[in-house]
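**Student:** Here's a structure for you.
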Amino acid sequence: MGSPKAETFTVGIIYIKPLEMKAITVMFDERFDSVPVAHGDVNDYSLGRIGHHNVVVVGPARGEQGTVATAQFSSTVRLTFPNLCVGLLVGIGGGIPHYPEYDVRLGDVVVGAPETGPAVVQYDLGKRTEDGFEVTRVLGKPPGLLRKVVNKVDDKYMYVQDGADDILKVHLDRFTTFPRLRKEFRRPSAPDRLFQSSYVHEQGTKCSDHDPQFEVLRQARESDDVVVHFSTILSGDSVMKSSTDRDRLSEQHNKALCIEMEAAGLMDVFPCLVVRGICDYADSHKNSIWQSFAAATAAAYAREILLNMSERVVPDLRATMHQSNVASPQNPGGHNYGVQVGHNNGNMTSHFGRPAK
């Protein structure tokens, strides 16, 4: 299918699990062939276009996860793609319910863009004192441009009228085109059950057999529309399966609504917006039933972000942009392969990890 030059890719999307990669690449409007990878770059990439933006999708080797693995592969991306200016970490995470104040449910999306407080907290890095454990690593907010686009999407979300499709539904419908993906990423038939924090899963039992008296009684939603929440996200190097620890950490850190394992290893080397689909409640009842659908909702939100982000052109590549706007069998109308996002707003770098020139 051919590919534009590496210099024209400006958006990087990071995944961790293979199912997250599949959910993200479904969102491509156009797929590209690979480009030559620079010496020293340890990655391989999936390339495509979403809206006006040329997108790099990259993740760790199969089976690797956690903050260390994330930092290792993300640190070499810019060797091949020097003009990446916008990053998104897209995938699944555990929800931290605060019902009814914050009604987080399976399949919802939590975005690391709270109005107050940090975007990401590495909750397991700090120092132990006589007063207990003190977290010493709180990461900054996502690039300002992405937070502005988050506002645009949130505004659009609020104007959905009665009877109209949710803004993410059209993106989720993309999975229905492909039989295998349709089967893997459809909304599960299993009910969304939130158990009381004091009720611990008994080994050898199934959640479906648990007595309803131990559930948190929640009012049914009017529809299956995906709800988007904005919150601090907790990040650490261990899988969370304790409702007691989950609730304690959330209360300590801005009532965080999501917990995961990779964002803390990424933010310093690849400043990004963290987008997490909720696949479980980070408790002893944790299972994988909702993982694929949660990956799909996160990818759908990421696509909506990029579709609402205005096109920008790096001045040095204007000539490349015009030369590439040529029709082809795969691109019958011609496509602008120029760099779309290149100007910072004062708090993001033009190249990840390097100061803007």
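Taking my numbering, the leading residue of the sequence shown gets -1, the next gets one more, and so forth. Glycine included, C-beta positions come from ideal geometry on N, C-alpha and C.
#1: Could you work out which residue in 99, 287 and 58 is closest to residue 185 when comparing CA atoms only?
#2: For residue 278, is the classification buried or exposed, using 16 other Cβ atoms within 10 angstroms of its Cβ as the cut-off for buried?
#3: In the DSSP assignment, find the unbroken alpha helix (DSSP H) run with residue 126 in it and report its ends.
#4: Please list the segments of the beta strand (DSSP E) lying wholly inside the stretch 62 to 123, counting only runs of 3 or more residues, in order along the chain.
#5: With a CB to CB cut of under 7 angstroms and the five nearest residues on each side skipped, what residues in its chain are close to residue 16?
#6: Suppose the cutoff is 7 angstroms on Cβ atoms and the five residues either side in sequence are ignored; what does the same chain contact list for residue 180 look like?
#7: Taking its Cβ as the centre, do 16 or more other Cβ atoms sit within 10 Å of residue 47, making it buried, or is it exposed?
#8: Per DSSP, what kind of secondary structure is residue 28 in: helix, strand or coil?
#9: Let me know if residue 171 comes out buried or exposed under the rule of 16 or more other beta-carbons within 10 Å of its beta-carbon.
#10: Which whole-angstrom value is the C-beta distance of residue 274 and residue 91, which I expect to be below 8 angstroms?
#11: Going residue by residue through the stretch 217 to 257, where are the continuous beta strand (DSSP E) segments of at least 3 residues, counting only ones entirely within it?
#12: State the Cα-Cα distance for the pair residue 88 and residue 252, rounded to the nearest angstrom.
#13: Is it true that the CB of residue 105 sits closer than 7 angstroms to the CB of residue 292?
#14: Might you give, ordered along the chain, the residues of its own chain that have their beta carbon closer than 7 angstroms to the beta carbon of residue 169, omitting 5 neighbours on each side?
#15: Distance, Cα to Cα, residue 103 vs residue 239?
#16: Leaving out five residues before and five after residue 27 in sequence, what residues of the same chain have Cβ atoms less than 8 angstroms from its Cβ?
#17: Hey, is the stretch 125 to 138 in contact with the stretch 148 to 163, meaning 3+ C-beta pairs nearer than 8 angstroms?
#18: Would the stretch 62 to 76 and the stretch 254 to 270 be scored as touching if the rule is three or more Cβ pairs under 8 angstroms?
#19: Leaving out five residues before and five after residue 289 in sequence, what residues of the same chain have Cβ atoms less than 7 angstroms from its Cβ?
**Tutor:** Taking the structure as given:
#1: 287
#2: buried
#3: Unbroken run through residue 126 is the beta strand (DSSP E), 124 to 127; no alpha helix (DSSP H).
#4: Qualifying beta strand (DSSP E) stretches, in chain order: 84 to 93, 107 to 109 and 118 to 120.
#5: 60
#6: 173 and 174
#7: buried
#8: strand
#9: Around the beta-carbon of residue 171, fewer than 16 other beta-carbon atoms lie within 10 Å, marking it exposed.
#10: 3 angstroms
#11: 226 to 228 and 231 to 233
#12: 22 angstroms
#13: yes
#14: 25, 298, 301 and 302.
#15: 17 angstroms
#16: 46, 47, 48 and 49
#17: no
#18: Touching, per the Cβ criterion.
#19: Correct list, in chain order: 17, 90 and 277.
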